[in-house]
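Q: In our numbering, the protein residues as written are 59 to 242. Yeah, the Cβ is synthetic: ideal placement off N, Cα and C, and Gly gets one too. Since we're looking at a predicted model, the values are computed, not measured. Dumping the structure here so I can ask a few things about it.
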């Protein structure tokens, strides 16, 4: 029962949000990889427990799971088994390496939200830079799977930095939607 204390507390929080009319919530950092046991014979038990714990919180709201800095190659099937509607991953500093896990023969079945730019830097990404990153993502993921958004941590930046970067991202999103619609 001790293992499930955090799970049950999270479930209560999600249910309270649902009762309050919230339809989408993010469960931060499932940390599957980071909690993986050192002894390989314990991996299956741990991953089954972690998946079950995550699914317990999955009520009637849309669940976005945020996973950061994980090596997804050895836990891909556990990520799928989490049954999140959207998985957000820190991809802005990995040059699309994390995305290859979801492309190379793995059908995730949900949406994937790799981060478009690194929010840890005060540098404002240009329209061209954001377009290039999204096009690289589209080379790996199908358009119906990709969710475009900035890296997490917007609160660490000044308003002017966030506003300018988000405006550039919106410009690119509109351009790509138009381009994709005409390419059909």
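Under the DSSP definition of a beta bridge, which residues are partnered with residue 86?
A: Bridge partners of residue 86: 124.
Q: Check the DSSP bridge columns for residue 137 and list the partner residues they point to.
A: Bridge partners of residue 137: none, in fact.
Q: For the alpha helix (DSSP H) holding residue 235, just list the boundary residues, first then last.
A: 217-241
Q: Could you tell me the boundaries of the beta strand (DSSP E) in which residue 144 lies?
A: 144-147
Q: Please report the Cβ distance between residue 177 and residue 214, rounded to the nearest whole angstrom; I am assuming they are in contact, meaning their Cβ atoms lie under 8 Å.
A: With 8 Å as the limit, residue 177 and residue 214 qualify as a contact, their Cβ atoms being about 7 Å apart.
Q: Measure the Cβ-Cβ separation of residue 197 and residue 233 and say whether it is below 8 Å.
A: no
Q: Reducing DSSP to helix, strand and coil, say where residue 188 ends up.
A: helix
Q: Check the C-beta distance from residue 145 over to residue 125 and give it rounded, since I have them as a contact under 8 Å.
A: 6 Å
Q: Is it right to say residue 112 is buried, meaning 16 or more other beta carbons lie within 10 angstroms of its own, or is it exposed?
A: buried
Q: Closer than 7 Å by C-beta to residue 224: which residues in its own chain qualify, once you throw out the five before and the five after it? Chain order, please.
A: When the five nearest sequence neighbours on each side are left out, the beta carbons in the same chain lying within less than 7 Å of the beta carbon of residue 224 are those of 208, in order along the chain.
Q: From which residue to which residue does the alpha helix (DSSP H) around residue 113 run?
A: 101-114
Q: How would you write the range of the beta strand (DSSP E) that residue 170 sits in, first residue to last?
A: Counting along the chain, the beta strand (DSSP E) containing residue 170 begins and ends at 169-172.
Q: Any idea which residues DSSP pairs residue 193 with across the strands?
A: In the DSSP secondary-structure assignment, residue 193 is not bridged to any residue.
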